[in-house]
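Reading the sequence shown from the start, the letters are residues 0 to 298 in numbering that gives the first Met the number 0.
Report on one structure; see the data block that follows.
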Amino acid sequence: MYNAFFGFHETPFNLSPDPAFLYRSPQHEEALANLIYGVRSRKGFIALTGEVGTGKTTMLECLRDYLDLQQFEFAFVFNSRLTPDQFFEMMAYDFDLQCDRKSKTDVLFALNTLLVEQAERGRTAVLIVDEAHNLEWDVLEEIRLLGNLENRQGKLLQIILAGQPELDRKLDAANLRQLKQRIVLRCTLNPLNREQTHEYIDARLTRAGMADQTLFSLDVIDAIYTRASGIPRVINALCDNLLVTAFAMEQRTTTLEMLDEICSDMRLDWPRAGRERLARSRFETAVEQEPLSRSSYGD
């Protein structure tokens, strides 16, 4: 909508997980390096966790690009609300296993054949499970058993579990202690800090075609950081809405007033907003009580 107006050659704050727009902060570089290392070293189980909107799926998309480039076989299970049978069927479909995909036994035989063939070629295979915090206990146990597929050189199947912090808490359960012990690499994505938020916004604008941006002042970016709590997905949503608003008003810069209106429309809650609501509530209560005080003094 606004790309031509601002001179962008692509939308800078799209909410889709596009690896081309990956902001390579130290923690993102470390997480991606750990994922690649875990796969190449045949470590078996790797966990990637982070709050909603911190960029987990974008990291997985970057990993998929790497696996494609290295010609590694991989399956990506993105819907984790599955029964064990549905899980095996989806895994067989994504690995393109030539078998009866509704038969767990046939899927396991076909998967083992694929893994052995890959190992003989000096390659490995990867199973990526996104939203893993939603997996049921019985599905997690089936995934643990897949980790038994190995030879003398290491694990034949590299399994990456990505999810929200609830995944860590679920793995701490007593009945999953065997799975927890098998996770040899853990990566965590945290919200961006203030400085990283500035760099993140500048990096996305540069990627979209605006190297020296004047759209967002330092004050506006600081306010975006505070209201988004450093969450990249929320930062994208705020910046995108700011650009839409500026475009509609035919302005080349964004303002704090625009941001206030957008936050209100988005029902966005942030620490200061809570304090402001509390202050308003106390003020309104005092105003309501004031006539009664005057009346009592009048008597």
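Quick reminder that beta carbons are idealized off the backbone N, C-alpha and C, glycines included.
Here the structure is a predicted model, which is why all the values come from computation and not from measurement.
Buried or exposed (CB count within 10 angstroms, at least 16 for buried), K55
buried
If you reduce the DSSP assignment to three classes, tell me which class R319 lands in.
What the structure shows of the chain is the stretch from 0 to 298, and residue 319 is not part of that stretch, so it cannot be assessed.
With a 10 Å radius around its C-beta and 16 neighbouring C-beta atoms as the bar for buried, classify T48 as buried or exposed.
buried
Rounding to the nearest angstrom, what Cα-Cα distance links D310 and A74 in this structure?
Nothing about residue 310 can be reported from this structure: the residues present for the chain run from 0 to 298 only.
If T57 and P18 are in contact, beta carbons under 8 Å, what's the gap, nearest whole angstrom?
6 Å
So the candidates are P231, R122, R100, A109; which of them puts its Cα closest to the Cα of N189?
P231
Taking the straight line between their C-alpha atoms, what separation do you get for P11 and H197?
14 Å
What is the DSSP secondary structure of R193, reduced to helix, strand or coil?
In this structure, R193 counts as helix in the three-state DSSP scheme.
Check whether the stretch 61-76 touches the stretch 84-102, counting contact only when three or more Cβ pairs, one atom from each stretch, lie closer than 8 Å.
Yes: at least three Cβ pairs fall under 8 Å.
Compute the beta-carbon to beta-carbon distance between A161 and L59, rounded to the nearest angstrom, for a pair I have assumed lies under 8 Å.
Contact between A161 and L59 holds, with the beta-carbon distance rounding to 6 Å and staying under 8 Å.
Euclidean distance between Cα positions of E140 and L178:
For the pair E140 and L178, the Cα-to-Cα distance works out to about 8 Å.
Is the beta carbon of Y36 less than 8 Å from the beta carbon of Y199?
no
Looking only at its chain, what residues have a beta carbon closer than 7 Å to the beta carbon of A285, apart from the 5 residues adjacent to it on each side?
In this predicted model, A285 has a pLDDT of only 47, less than 50, meaning its place in the structure is not dependable; the value taken from the coordinates is given anyway. So no residue of the chain qualifies.
Nearest candidate by alpha-carbon position, reference L148, set D99, R181, L255, C238:
R181
C-alpha gap between Q85 and E256, whole angstroms:
49 Å
By the 10 Å Cβ neighbour count, where 16 or more other Cβ atoms means buried, how is R226 classified, buried or exposed?
buried
Where T56 falls: helix, strand or coil (DSSP)
helix
Can you give the Cα-Cα distance for A131 and Q250, rounded to whole angstroms?
About 43 Å.
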